[in-house]
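A.B. asks:
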Amino acid sequence: MLARLFARRYFFSPHSRSVVNLISGVSVAAVAMPVAAMIILLSVFNGFESLIRSMYSLFDADLTLTPRTGKTFEATSLDTAALRRIPGIAGLSYILEQSTLLEHGDRQATTTLRGVDEHYAALFPLDGAIVAGSGSVGAGDAGRLVMGQSMAWSLGIRSLADADVGLYAVRRGSFSTLLPMANYTRRTLPVGGIFSLDLESEQSSILAPLDAAQQLFNYPGRVSAALLRAEAGQDAARLRTAVAGVAGGAFDIRTRDELRASFYRIMTYEKWGIFLIALLVLVVASFSVVGALAMLIVEKHGEIATLRALGADTRLIRRIFRAEGLLICTAGALAGVVLGVGASLVQQHFGLIEIPAESFLTKSYPVEFRPADLAAVLAAFGAVALLLTGITVRGMIKRYD
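In terms of this note's numbering, the sequence shown opens at residue -6 and continues consecutively.
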């Protein structure tokens, strides 16, 4: 209590207007800015991570069932009625995916064709991403393609009124060098809708009716995966056990994060790499506290001698100046938290700072504040403050022993 009392008087005394007090105020600001910057950086990174996850959620299911052997399986081999009865499962859809060649006029492009059934739209609503036409692929002779905006531009499609696209797939079974065109199956479908997402999704995925994909790839009655959507609030990883019990051992079951495990792992490494770099800046800024504390000890050498004459030991004196250093750090950290959290929440809810790019997926910088990041920043800064303050006080007080 006595040590904290002295520290507060040194920090808040209205009668003290020395250069040391000015340096202490500067130290508070020097600590506040990197703390705020760390919070804002992590929040911006969280915003971009959530944005990317939301984009991938339009193509990656909560749970994906694929055959352990081979590329396809009979659609009738899976008990879909039993899967739909599992508590927490909101929907199921079959897809058939394979690489294909697209042709429109004199332009060609390769991509992955995803044949989808009539339940696909309920699992992956594309309405919010559609910029032209409709997100429905139809069925049978009324089938249509839904492709990305970038792919449409690559094929030279400027209007849906004249957007018939030829689809080519390698014919399974035999390959003839004498009749090259006999090695491919071909089908023509009109483009019924164009979506706008990230460049990778626009180039790598195109939707078509499942029966059209089965005919093109010569896989009648077969599919490459079954996609399951979990109800809101349900943990897909927990549902996997129940799904595996119904599906049997012939299928691999993966969550959305497991489908892109390496990508999300890299994002995690990048986030904490940014955290460590920002922490290094914070450590450098914290040396201003070391300077302020050292100058304060030098200025108060007379009072240190008076305290010793009154019976104060070295331990008490160290506690006084250690408390002073921590008080400066605490004031800076609180100011940084208010600034960083406030700026993050304002951008998160109001989007004041916009991205200067018309083709980007969002108009303003995506920000998502997470309390766990705040706790990590404060814990890291607390450790730095304790270490630097302890070393400085121990080294300076030795001069007066």
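Just so it is clear, CB atoms sit at the ideal spot from N, CA and C, and this is done for glycine as well. Here the structure is a predicted model, which means the values were calculated and not measured.
Using only alpha-carbon positions, find the residue among 217, 315, 384, 295 that is nearest to residue 407.
C.D. replies: Given a span of -6 to 394 for the chain in the structure shown, any question on residue 407 remains unanswerable.
A.B. asks: Would DSSP call residue 282 helix, strand or coil?
C.D. replies: Numbered from its first residue, the sequence shown carries residue 282 at position 289. Reduced to three states, the DSSP call for residue 282 is helix.
A.B. asks: Indicate whether residue 337 and residue 32 have their beta-carbon atoms separated by less than 8 Å.
C.D. replies: For the purposes of this step, residue 337 is taken as residue 344 along the sequence shown, with counting starting at 1. For the purposes of this step, residue 32 is taken as residue 39 along the sequence shown, with counting starting at 1. Yes. Within cutoff.
A.B. asks: Short of 8 Å in beta carbon distance, which residues of its chain neighbour residue 120, apart from the five on each side in sequence? Order them along the chain.
C.D. replies: For the purposes of this step, residue 120 is taken as the residue at position 127 of the sequence shown. Contacts found: 128.
A.B. asks: For the beta strand (DSSP E) containing residue 245, name the first residue and the last one.
C.D. replies: Here the question's residue 245 lines up with position 252 in the sequence shown. 244 to 248 is the extent of the beta strand (DSSP E) around residue 245.
A.B. asks: Between residue 252 and residue 53, what straight-line distance do the alpha-carbon atoms span, to the nearest angstrom?
C.D. replies: As a position in the sequence shown, residue 252 is number 259, starting the count at 1. As a position in the sequence shown, residue 53 is number 60, starting the count at 1. Straight-line Cα distance between these residues: approximately 8 Å.
A.B. asks: To the nearest angstrom, how far is it from the Cα of residue 357 to the Cα of residue 345?
C.D. replies: Here the question's residue 357 lines up with position 364 in the sequence shown. Here the question's residue 345 lines up with position 352 in the sequence shown. Using only the alpha carbons, I get a separation of about 7 Å.
A.B. asks: Assuming residue 188 is part of the beta strand (DSSP E), what are its boundary residues?
C.D. replies: Counted from its first residue, the sequence shown places residue 188 at position 195. Annotation for residue 188: the continuous beta strand (DSSP E) segment containing it runs 177 to 188.
A.B. asks: What is the rounded straight-line gap between the Cα of residue 172 and the Cα of residue 198?
C.D. replies: Counting from 1 along the sequence shown, the entry for residue 172 is found at position 179. Counting from 1 along the sequence shown, the entry for residue 198 is found at position 205. Note that residue 172 scores a pLDDT of 47, beneath 50, so its modelled location is shaky and nothing firm can be said.
A.B. asks: Can you tell me which of 157, 161, 281 puts its alpha carbon nearest to the alpha carbon of residue 186?
C.D. replies: Start at 1 with the first residue of the sequence shown, and residue 186 comes out as number 193. Here the closest residue by C-alpha is 157.
A.B. asks: Kindly list the residues whose CB is nearer than 8 Å to the CB of residue 105, restricted to its own chain and excluding five residues on each side of it in sequence; keep chain order.
C.D. replies: By 1-based counting over the sequence shown, the position of residue 105 is 112. Cβ neighbours of residue 105 beyond the five flanking positions: 90, 91, 92, 93, 197, 198, 199.
A.B. asks: Sorted by chain position, which residues of the same chain lie with C-beta nearer than 7 Å to residue 61's C-beta, five sequence neighbours on each side aside?
C.D. replies: In the sequence shown, residue 61 corresponds to position 68, counting from 1. Closer than 7 Å at the Cβ level, and outside the excluded window around residue 61, lie 243, 244, 245.
A.B. asks: Compute the Euclidean distance between the alpha carbons of residue 381 and residue 16, then round it to the nearest angstrom.
C.D. replies: What you label residue 381 is simply residue 388 of the sequence shown in a count that begins at 1. What you label residue 16 is simply residue 23 of the sequence shown in a count that begins at 1. Whole-angstrom Cα-Cα distance: 17 Å.
A.B. asks: In this structure, how does DSSP classify residue 151 when only helix, strand and coil are distinguished?
C.D. replies: Numbered from 1 along the sequence shown, position 158 holds the residue referred to as residue 151. The answer is coil: DSSP assigns residue 151 none of H, G, I, E or B.
A.B. asks: Can you tell me which residues form a DSSP beta bridge with residue 85?
C.D. replies: As a position in the sequence shown, residue 85 is number 92, starting the count at 1. According to DSSP, residue 85 bridges with 221.
A.B. asks: Under a Cβ-count criterion, where at least 16 other Cβ atoms within 10 Å of its own Cβ denotes burial, should residue 285 be classed as buried or exposed?
C.D. replies: Walking along the sequence shown from the start, residue 285 turns up at place 292. Residue 285 should be labelled buried.
A.B. asks: Out of 113, 126, 28, 133, point me to the one whose CA is closest to residue 154's CA.
C.D. replies: Numbered from 1 along the sequence shown, position 161 holds the residue referred to as residue 154. The option with the nearest alpha carbon to residue 154 is 126.
A.B. asks: Terminal residues of the continuous alpha helix (DSSP H) containing residue 364?
C.D. replies: Counted from its first residue, the sequence shown places residue 364 at position 371. Here the alpha helix (DSSP H) through residue 364 covers 364 to 390.
A.B. asks: Residue 22 by DSSP, collapsed to three states: which one?
C.D. replies: As a working mapping, residue 22 is identified with position 29 in the sequence shown. DSSP places residue 22 in helix when its eight states are reduced to three.
A.B. asks: Give the straight-line distance between the Cα atoms of residue 263 and residue 50, rounded to the nearest whole angstrom.
C.D. replies: On the sequence shown, residue 263 is found 270 positions in, with the first residue counted as 1. On the sequence shown, residue 50 is found 57 positions in, with the first residue counted as 1. Approximately 21 Å, taken between the alpha carbons.
A.B. asks: Would you say residue 74 and residue 87 are within 8 Å of each other, going by their C-beta atoms?
C.D. replies: As a first step, residue 74 must be located in the sequence shown, where it is residue number 81. As a first step, residue 87 must be located in the sequence shown, where it is residue number 94. Contact: no.
A.B. asks: For residue 77, which option in 349, 215, 223 has the closest C-alpha, if you only look at C-alpha atoms?
C.D. replies: The sequence position of residue 77 within the sequence shown is 84, counting from 1. For the residues 349, 215, 223, the minimum Cα distance to residue 77 belongs to 223.
A.B. asks: With a floor of 4 residues, list each alpha helix (DSSP H) that falls wholly inside the segment 108 to 143, ordered by position along the chain.
C.D. replies: 113 to 116
A.B. asks: Alpha carbon to alpha carbon, how far is residue 99 from residue 208? Give it in angstroms, no decimals.
C.D. replies: On the sequence shown, position 215 is the one that residue 208 refers to. On the sequence shown, position 106 is the one that residue 99 refers to. Straight-line Cα distance between these residues: approximately 24 Å.
A.B. asks: The alpha helix (DSSP H) that contains residue 338, what's its start and end?
C.D. replies: As a first step, residue 338 is located in the sequence shown; it is residue number 345 there, counting from the start. From DSSP, the alpha helix (DSSP H) with residue 338 extends over 307 to 343.
A.B. asks: Given a cut-off of 8 Å on the beta-carbon distance, is the pair residue 25 and residue 271 in contact?
C.D. replies: Here residue 25 is taken as the residue at index 32 of the sequence shown, counted from 1. Here residue 271 is taken as the residue at index 278 of the sequence shown, counted from 1. Against a cut-off of 8 Å, the Cβ pair of residue 271 and residue 25 comes out as no contact.
A.B. asks: Does the distance from the C-beta atom of residue 203 to that of residue 110 stay below 8 Å?
C.D. replies: Residue 203 sits at position 210 when you count from the first residue of the sequence shown. Residue 110 sits at position 117 when you count from the first residue of the sequence shown. The answer is yes: Cβ separation under 8 Å.
A.B. asks: With distances taken from CA atoms, which of 359, 327, 131 is nearest residue 367?
C.D. replies: Start at 1 with the first residue of the sequence shown, and residue 367 comes out as number 374. Nearest of 359, 327, 131 to residue 367, Cα basis: 327.
A.B. asks: For residue 27, which residues from the same chain have a beta carbon less than 8 Å from its beta carbon, with the 5 sequence-adjacent residues on both sides left out?
C.D. replies: Walking along the sequence shown from the start, residue 27 turns up at place 34. Listed in chain order, the non-local C-beta contacts of residue 27 below 8 Å within the same chain comprise 271, 274, 275, 278, 329, local neighbours out to five positions each way being set aside.
A.B. asks: So what's residue 157 in DSSP terms, helix, strand or just coil?
C.D. replies: For the purposes of this step, residue 157 is taken as the residue at position 164 of the sequence shown. Strand.
A.B. asks: Mapping the DSSP letters down to three states, classify residue 274 as helix, strand or coil.
C.D. replies: Translated into the one-based positions of the sequence shown, residue 274 becomes position 281. Correct three-state label for residue 274: helix.
A.B. asks: Beta strand (DSSP E) containing residue 79: first to last residue?
C.D. replies: Within the sequence shown, numbered from 1, the residue matching residue 79 stands at position 86. Unbroken run through residue 79: none, as it is neither H nor E.
A.B. asks: Go through its chain and collect everything with a Cβ distance to residue 83's Cβ below 6 Å, but skip five positions before and after it.
C.D. replies: Locating residue 83 in the sequence shown gives position 90, counting from the first residue. 222, 224.
A.B. asks: Which of helix, strand or coil does DSSP assign to residue 360?
C.D. replies: Residue numbering aside, residue 360 sits at position 367 when the sequence shown is read from its first letter. Coil at residue 360, not helix or strand.
A.B. asks: For the alpha helix (DSSP H) containing residue 299, name the first residue and the last one.
C.D. replies: The sequence position of residue 299 within the sequence shown is 306, counting from 1. From DSSP, the alpha helix (DSSP H) with residue 299 extends over 294 to 302.
A.B. asks: Locate the beta strand (DSSP E) running through residue 209, then write down its first and last residues.
C.D. replies: Residue mapping note: residue 209 aligns to position 216 of the sequence shown, counting from 1. Element bounds for residue 209: not the beta strand (DSSP E) but the alpha helix (DSSP H), 203 to 210.
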